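Below is one structure, written out as structure tokens; the observations come after it.
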Amino acid sequence: MIQRIFALLTALLTLSALTGCGYNDFQRLDEQSKAAWSEVLNQYQRRADLVPNIVATVKGEANFEQETLTRVVEARAKATSIQVTPETLNNPEAFNKFQQAQGELSGALSRLMVVSERYPTLQANQGFRDLRVTLEGTENRITVARNRYIQTVQEYNVLARSFPTNLTAIAFSYAPKPSFAVANEAQISAPPTVDFSASKPKP
Numbered sequence: 012m013i014q015r016i017f018a019l020l021t022a023l024l025t026l027s028a029l030t031g032c033g034y035n036d037f038q039r040l041d042e043q044s045k046a047a048w049s050e051v052l053n054q055y056q057r058r059a060d061l062v063p064n065i066v067a068t069v070k071g072e073a074n075f076e077q078e079t080l081t082r083v084v085e086a087r088a089k090a091t092s093i094q095v096t097p098e099t100l101n102n103p104e105a106f107n108k109f110q111q112a113q114g115e116l117s118g119a120l121s122r123l124m125v126v127s128e129r130y131p132t133l134q135a136n137q138g139f140r141d142l143r144v145t146l147e148g149t150e151n152r153i154t155v156a157r158n159r160y161i162q163t164v165q166e167y168n169v170l171a172r173s174f175p176t177n178l179t180a181i182a183f184s185y186a187p188k189p190s191f192a193v194a195n196e197a198q199i200s201a202p203p204t205v206d207f208s209a210s211k212p213k214p
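Quick note, the sequence shown lines up with residues 12 to 214 if you use my numbering.
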């Protein structure tokens with residue numbers, strides 16, 4: 012009986028110590044960051060699924076800039092070829108590689124939208140207009156998802172670096188998580204721009 016009471020008191024003290032040192036907070040934020048990351052991936056996949064339809068529509072436009080179209084196709088291929096696993100969140104190098112590939116696809120799509128403004132018949136294509144609206148909406152969803160992930164990771168990393176919760180982080184190997192780089196945040200999260208002043212192609 013005494014041993015059982017002692018074991019119970021030990022368990023309660025251990026639980027209290029873990030709670031006071033942020034153990035439960037680490038669990039909560041770790042799960043939140045994974046959920047936020049999953050949403051980022053879902054939106055990136057949604058965008059990748061749109062690209063073939065956009066490319067197929069643009070291919071029907073006579074004399075469309077082949078280089079711009081090729082860059083979109085190549086950027087999508089690169090972005091979708093990167094294998095993303097739960098461990099990506101704990102691997103800054105893999106995370107940055109994935110981020111860079113998605114950034115290149117964002118840039119290529121943005122360029123395609125700008126160039127498309129030079130082709131009146133393409134702009135008159137209802138299918139293309141619908142795809143452009145869907146793409147812009149998806150880019151906005153990506154921005155929202157990324158911002159949620161950034162906020163969650165920031166909370167997690169502050170916990171991992173602050174005293175005394177940093178001791179818990181060390182004890183349970185809770186390393187800080189990588190986040191999206193601030194340097195190119197505007198470039199890779201902004202929706203595609205549309206240049207209405209772009210000149211039309213010469214006949």
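Even for Gly, the Cβ is constructed at its ideal location relative to N, Cα and C. Given the structure is predicted, the values throughout are model-derived calculations rather than measurements.
Three-state class that DSSP yields for residue i in the structure shown
i	result
R87	helix
S44	helix
V193	Below a pLDDT of 50, predicted positions are generally treated as unreliable, and V193, at 49, falls in that range; no measurement from the model is reported.
Q94	coil
P67	Checking the sequence, you will find Ala at residue 67 rather than Pro. A67: helix per DSSP, three-state reduction.
E104	helix
E76	coil
G33	coil
R57	helix
F183	coil
V51	helix
A135	coil
R129	coil
R157	helix
S121	helix
F174	coil
Cβ shell of residue i (< 6 Å), same chain only, five flanking positions each side left out
i	result
Y130	E72
E76	V126
F106	T99 and P189
C-beta atoms of residue i and residue j nearer than 8 Å
i	j	result
L116	L61	no
Y167	D41	yes
L52	V84	no
A171	A182	no
K188	S92	no
T68	G138	yes
E50	A156	yes
R122	R87	no
Neighbour flag for residue i against chain D, beta carbons, 8 Å
i	result
V69	In summary, chain D is missing from the structure at hand, where a single protein chain is found.
The ligand COA heavy atom lying under 7 Å from the CB of residue i
i	result
R157	Only the bare structure without any ligand can be found here, which leaves the ligand COA out of the picture.
Rounded Cβ spacing between residue i and residue j (contact assumed at less than 8 Å)
i	j	result
L80	K89	With 8 Å as the limit, L80 and K89 do not qualify as a contact, their Cβ atoms being about 15 Å apart.
L146	I65	7 Å
Q56	I153	At roughly 10 Å, the Cβ-Cβ gap does not stay under 8 Å, so Q56 and I153 are not in contact.
Own chain, CB closer than 7 Å to residue i, minus 5 neighbours either side, in chain order
i	result
V193	Low local confidence applies: a pLDDT of 49 at V193 is under 50, so the model's placement there is unreliable, with the coordinate-based value given in what follows. So no residue of the chain qualifies.
L102	Here the sequence assigns Asn to residue 102, which means Leu is not the residue at that position. Excluding sequence neighbours, N102 sits near nothing in its chain.
T163	L40, Q43, S44 and A47
G33	L170, T176 and T179
A59	R87, A90 and T91
Other residues of its chain near residue i: CB distance less than 8 Å, five sequence neighbours each side excluded
i	result
F37	Y167, L170, A171, T176, T179, A180, F183 and Y185
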